[in-house]
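The sequence shown begins at 1 in our numbering and counts up one residue at a time.
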Amino acid sequence: MGHRTIRNHRLTALAALAALATLLLPAQAQAWGFYAHTVTADIALENVRPDTRAKIARLLKASPMLGTPDCALDTLQDAAVWPDCLRGQYWRWGYTFAWHYQTEPVTEDYDARKNCSGLNCVSAQIERNERILADESLPDNVRVEALAFLVHFIGDIHMPLHSGDLDDRGGNDRKADYGIVPGLNLHWIWDGPLAERAISGDPPIARRYSAAERAELAGGHAADWGRESWEIARSFVYPETFGCDPCEGELPRETALSQELIVRSAPIARRRVLQAGLRMAEYLDRAFEPGPLPEPEAN
Numbered sequence: 001m002g003h004r005t006i007r008n009h010r011l012t013a014l015a016a017l018a019a020l021a022t023l024l025l026p027a028q029a030q031a032w033g034f035y036a037h038t039v040t041a042d043i044a045l046e047n048v049r050p051d052t053r054a055k056i057a058r059l060l061k062a063s064p065m066l067g068t069p070d071c072a073l074d075t076l077q078d079a080a081v082w083p084d085c086l087r088g089q090y091w092r093w094g095y096t097f098a099w100h101y102q103t104e105p106v107t108e109d110y111d112a113r114k115n116c117s118g119l120n121c122v123s124a125q126i127e128r129n130e131r132i133l134a135d136e137s138l139p140d141n142v143r144v145e146a147l148a149f150l151v152h153f154i155g156d157i158h159m160p161l162h163s164g165d166l167d168d169r170g171g172n173d174r175k176a177d178y179g180i181v182p183g184l185n186l187h188w189i190w191d192g193p194l195a196e197r198a199i200s201g202d203p204p205i206a207r208r209y210s211a212a213e214r215a216e217l218a219g220g221h222a223a224d225w226g227r228e229s230w231e232i233a234r235s236f237v238y239p240e241t242f243g244c245d246p247c248e249g250e251l252p253r254e255t256a257l258s259q260e261l262i263v264r265s266a267p268i269a270r271r272r273v274l275q276a277g278l279r280m281a282e283y284l285d286r287a288f289e290p291g292p293l294p295e296p297e298a299n
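Below is the structure:
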């Protein structure tokens with residue numbers, strides 16, 4: 001069997017798996033799938049302080065107290081996907097599902113407080129769970145739950161379509177083909193196959209980064225990261241996908257990403273995964289420092 005035939009068989013199999021995965025996913029956001037979320041945790045572990053890594057491992061020993069035997073929580077990689085696993089238990093965890101996103105119209109000015117009543121948005125939950133994690137007076141089961149929500153939501157907020165929206169639930173309602181793979185939607189393309197392509201292969205993305213690299217890529221707070229994602233959705237995802245300014249009128253509900261657009265999109269997706277991992281490391285180092293976090297500034 002020739003190399004081209006083998007490659008075609010692999011592409012056909014990947015297309016079938018992608019379509020099946022899409023059918024199995026809940027309708028609302030499942031950011032970055034399993035692989036990209038675990039890679040953000042890999043990046044964070046490479047870049048946290050050694051004492052932070054040890055404290056994470058100790059705290060994770062409390063995970064059985066959460067009573068989620070069907071959702072593993074033994075490693076930071078598990079923690080990065082644990083909140084998505086909970087979506088199979090709506091009766092118990094449904095109140096957390098709105099915490100994964102904060103979609104704001106790309107046709108309006110960005111407002112970090114919009115769509116966040118009662119802290120029910122991803123930016124507020126990042127800051128809330130970091131404070132819970134940092135509070136050593138709280139029991140370990142409370143803090144390990146906060147650890148998992150924190151690392152997952154830092155991943156979520158860096159996916160552009162968890163912030164940018166055009167009356168389509170962050171692209172969930174717009175059918176889209178991914179190259180030769182049919183039947184996906186715009187949100188899932190950025191969640192799954194595009195992110196996976198962007199962070200696979202060489203050079204490896206999970207490594208120790210220099211202080212200069214971290215200074216260039218990391219920093220900021222959740223509201224800043226949400227604005228960055230919204231801007232990418234506004235200036236790149238929607239106009240490049242549909243070939244027109246989203247402010248100019250109604251966009252079609254179906255589209256396709258060409259191979260050329262996939263190639264241009266991949267570096268953007270890779271940078272967002274990398275930023276998520278490095279910023280996660282910063283938040284974890286700060287949360288595990290002795291003493292409480294400084295009080296937040298009054299708005």
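C-beta atoms are modelled at their ideal positions from N, C-alpha and C, and glycine is treated no differently.
{"Asked": "Assigned secondary structure, residue 295 (DSSP; H/G/I helix, E/B strand, else coil)", "Found": "coil"}
{"Asked": "Residue burial classification, residue 25 (beta-carbon count within 10 angstroms, cutoff 16)", "Found": "Low confidence applies to residue 25: its pLDDT is 40, below 50, so where it sits in the model is not reliable enough to give any reading."}
{"Asked": "Residue 145: first and last residue of the uninterrupted alpha helix (DSSP H) it sits in", "Found": "140 to 157"}
{"Asked": "Secondary structure, alpha helix (DSSP H): runs of 4+ residues fully inside the stretch 66 to 124", "Found": "76 to 85 and 90 to 93"}
{"Asked": "Residue burial classification, residue 205 (beta-carbon count within 10 angstroms, cutoff 16)", "Found": "buried"}
{"Asked": "Residue 61 in three-state terms, based on DSSP", "Found": "coil"}
{"Asked": "Whole runs of the alpha helix (DSSP H) within the stretch 207 to 287, excluding any shorter than 4 residues", "Found": "211 to 217, 222 to 232, 238 to 242 and 259 to 287"}
{"Asked": "Through-space distance from residue 286 to residue 27, alpha-carbon basis", "Found": "Confidence at residue 27 is low in this model, with a pLDDT of 35, below 50, so the placement of that residue should be treated as unreliable; the coordinate-derived value is given next. C-alpha separation (whole angstroms): 35 angstroms."}
{"Asked": "Paired residues, beta bridge with residue 165 - DSSP", "Found": "105"}
{"Asked": "C-beta contact flag for residue 237 and residue 183 at 8 angstroms", "Found": "no"}
{"Asked": "Same chain, Cβ closer than 7 angstroms to residue 11, five either side skipped, listed in chain order", "Found": "For residue 11, the pLDDT reaches just 37, beneath the cut-off of 50, and the residue's location in the model is therefore unreliable, leaving the point undetermined."}
{"Asked": "Backbone CA spacing between residue 239 and residue 245 [nearest angstrom]", "Found": "5 angstroms"}
{"Asked": "Proximity below 8 angstroms, CB of residue 186 to CB of residue 176", "Found": "yes"}
{"Asked": "Span of the alpha helix (DSSP H) around residue 193", "Found": "193 to 199"}
{"Asked": "contact_flag[the stretch 205 to 219, the stretch 134 to 143] where n(CB pairs < 8 angstroms) is 3 or more", "Found": "no"}
{"Asked": "Inter-residue Cα distance where the pair is residue 161 and residue 106", "Found": "10 angstroms"}
{"Asked": "Start-to-end residues for the beta strand (DSSP E) that takes in residue 177", "Found": "175 to 178"}
{"Asked": "Contact check, residue 269 vs residue 44, beta carbons under 8 angstroms", "Found": "no"}
{"Asked": "Neighbourhood of residue 35 by C-beta distance below 7 angstroms, restricted to the same chain and skipping five residues each side", "Found": "196"}
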